[in-house]
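**Q** Quick one: the structure is below, and I'll ask about it shortly.
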Amino acid sequence: MEVKIADTVIALVKGDITEESTDAIVNAANSRLMGGGGVDGAIHRAGGPKIMEECRKIGGCATGSAVITTGGGLKAKYVIHTVGPIYKDGDHQEPELLESSYRSSLDLALDKGLKSIAFPSISTGAYGYPVEEAAGIAIKTVLEFVSAHKGLALIRFVLFSEADLKTYSQILAKLTK
Ligand code: AR6
């Protein structure tokens, strides 16, 4: 599914984000930037040790913030590492922090002059964020961002399962009708 808002295409696909050739792909990292499982593990495996070397130099990233490294051996030129919140019960600033993860990543892409960016479903794996709520925040944040900022031609969500793609698609359709 895809929609165009102002100058930006927002696209939803099912796939493996490590294969994306957007200018940047976003990593759902942890605050120590030390790698892990899920999408983080897949990105470091596919991109090689250079990304981890750069992460070590950066040293860490607060929850809700984002940092950038090169893409190592990936097709994407850059990896934007953001740290989503660990979901407890929704009353521990999880929505604000998740919104901040998406916004910080988009700000960084714009500051770097990038034209395209691919996101995974941040926080909805190991960090346990209920996917429907997280998808609502992700899509709403992206829609607000593209109405306020020119410069990004493509924002793509790369969802790992058919169920997640369906959830994100329903929410994008609802928020843009
Ligand atoms: N491409 C796209 N999406 C993927 C891929 C992939 N190759 N692999 C997994 N996903 P998670 P989090 C999906 O756990 O919840 C790590 O250990 C996955 O199915 O990767 O933010 C970090 O080091 C899910 O829908 O990220 C942190 O410690 C989504 O990506 C912690 O996990 C996010 O799942 C971060 O947890």
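The letter at position 17 of the sequence shown is residue 421 when you use the working numbering, and the numbering goes up by one with no holes.
We put the CB at the ideal spot given by N, CA and C, even for glycine.
Rounded to a whole number of angstroms, what is the C-alpha to C-alpha distance between Ile521 and Asn431?
**A** 11 Å
**Q** For Thr467, list the residues DSSP reports as bridge partners.
**A** Thr467 is not bridged to any residue.
**Q** Distance, Cα to Cα, Thr486 vs Ser504?
**A** 9 Å
**Q** Curious, which full-length beta strand (DSSP E) runs of at least 3 residues does the segment 483–562 contain?
**A** 520–523
**Q** Quick check on Leu437: does DSSP put it in helix, strand or coil?
**A** coil
**Q** Report the residue from Glu498, Leu547, His553 whose alpha carbon sits nearest the alpha carbon of Glu406.
**A** Leu547
**Q** So who's on the other strand from Gly406, going by DSSP bridges?
**A** In the sequence on display, residue 406 carries Glu and not Gly. Answer is Ala415.
**Q** Tell me whether the beta-carbon of Phe523 lies closer than 8 Å to the beta-carbon of Phe561.
**A** yes
**Q** Please state whether DSSP places Ala428 in a helix, a strand or coil.
**A** strand
**Q** Is the separation between the beta-carbon of Lys418 and that of Leu576 shorter than 8 Å?
**A** no
**Q** Please look up how many angstroms separate the CB atoms of Ser527 and Gly488, rounded, as I've assumed it's under 8 Å.
**A** That belief holds up - the Cβ atoms of Ser527 and Gly488 are roughly 3 Å apart, short of 8 Å.
**Q** Would you call the CB atoms of Thr412 and Leu556 closer than 8 Å?
**A** Contact flag set, yes.
**Q** According to DSSP, Ile472 sits in a beta bridge with which residue or residues?
**A** Paired residues: Ile484.
**Q** Taking the alpha-carbon positions, what's the Ile472 to Tyr572 distance?
**A** 25 Å
**Q** So, Thr474 versus Leu558, is the Cβ gap smaller than 8 Å?
**A** Judged by their CB atoms, Thr474 and Leu558 are not nearer to each other than the 8 Å cut-off.
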